[in-house]
Amino acid sequence: MAPVADPTLRFERSLLPERTGFVIGCDEVGRGALAGPVAVGLAVVRVTNGTRVPKGLRDSKMLSEARREELSPVARRWSVAHAVGYASAEEIDRLGISACLGLAGARGLAELATAGIDVSATTIVLDGQWDWLSAAVPHPVTVRTKIKADRDCASVAAASVISKVARDRLMIEHHGSYDGYGWVRNKGYASEEHRDAILSLGPTELHRHTWLSKMLAVAEAEASAVSLFDLEGMDGLDRVGDLAAGGPGADAAAETADSAA
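Residue numbering for the sequence shown follows full-length UniProt numbering, starting at 1 and increasing by one per position.
Structure below.
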């Protein structure tokens with residue numbers, strides 16, 4: 001496999017940002033998590049020919065957690081301004097993830113505007129092929145989508161690292177209040193440890209309950225199916241054979257099935 005090239009500002013410079021000399025790199029993190037917010041990072045980057053990309057800067061998914069922690073302050077210093085907007089798990093349950101991506105992005109852009117960035121005059125480079133941002137912003141913005149922008153575009157890579165580290169730290173803080181879910185390790189994503197904890201401890205208010213409903217329903221159905229064979233005094237193979245033959249366990253199984261229905 002050929003090595004992945006380091007991100008550059010080539011695409012950003014092709015956008016001809018003469019009016020401001022800047023672009024805004026934009027990337028999301030936490031879209032697929034079971035718990036915690038979705039976050040959208042924004043990095044305002046100067047794209048003049050003299051601008052050099054920090055050594056080692058890459059899409060956050062290509063970096064170890066330790067390396068992301070090292071590069072996040074570098075990316076923040078390299079950016080003219082930066083922001084991370086959030087939408088909560090409760091908002092995701094109520095509005096849906098698509099709307100909440102836009103909501104988090106709009107909150108981040110509002111933070112940049114407060115810092116003095118002319119957001120309307122600056123092109124936003126958005127990772128992916130779908131523009132989920134423009135409709136959520138209350139004023140016109142120029143958005144250019146690009147597949148693999150987090151890998152190829154330095155401004156988006158910076159936003160990726162900044163937002164990933166910020167959200168990870170938030171989930172680590174929440175771990176102290178919700179011990180048992182392993183958020184210090186899984187950051188709210190669907191690891192086996194996290195899924196098992198949800199099934200044994202139940203969800204918290206920081207979980208995306210609409211996302212868990214199918215998983216919990218499947219677990220309940222599996223538990224009900226297992227209970228049909230959980231008959232006192234019979235081991236697994238004997239139960240199956242006895243039930244098939246209409247033996248002593250059959251009546252108990254029928255009663256269990258009737259009550260489950």
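Backbone N, C-alpha and C fix where the C-beta goes; we use that ideal spot for every residue, glycine too.
Between which two residues does the alpha helix (DSSP H) carrying residue 74 extend? 65-78
**OP:** Report the rounded CA-to-CA distance for residue 125 versus residue 222, giving the unit in angstroms.
**Re:** 45 Å
- Query: Closest to residue 186 by CA distance: which of 200, 167, 201 is it?
  - Reply: Here the closest residue by C-alpha is 167.
Can you give the Cα-Cα distance for residue 180 and residue 197, rounded to whole angstroms?
7 Å
* Buried or exposed: which applies to residue 104, given that a residue is buried once 16 or more other Cβ atoms fall within 10 Å of its Cβ? -> The residue is buried, with at least 16 neighbouring Cβ atoms inside 10 Å.
Item to complete: For residue 84, count neighbouring Cβ atoms within 10 angstroms of its own Cβ and tell me buried if that reaches 16, exposed if not.
Response: Around the C-beta of residue 84, 16 or more other C-beta atoms lie within 10 Å, and the residue is accordingly described as buried.
Notebook entry, point to check: Since residue 126 is in the beta strand (DSSP E), which residue starts that stretch and which ends it?
Noted result: 123-127
Inspect the beta-carbon positions of residue 9 and residue 47 and report whether they are closer than 7 Å. yes
- Please state whether DSSP places residue 27 in a helix, a strand or coil. Here residue 27 sits in strand by DSSP.
Taking the straight line between their C-alpha atoms, what separation do you get for residue 216 and residue 38? 22 Å
Using the DSSP secondary-structure output, state which residues sit across from residue 100 in a beta bridge. Paired residue(s): none; residue 100 is not in a bridge.
Would a C-beta distance cut-off of 7 Å place residue 128 and residue 145 closer than the cut-off? yes
Whole-angstrom distance between residue 7 and residue 49, CA atom to CA atom: 15 Å
Cutting at 8 Å between CB atoms, please list the residues of its own chain near residue 98, excluding the five before and the five after it.
132
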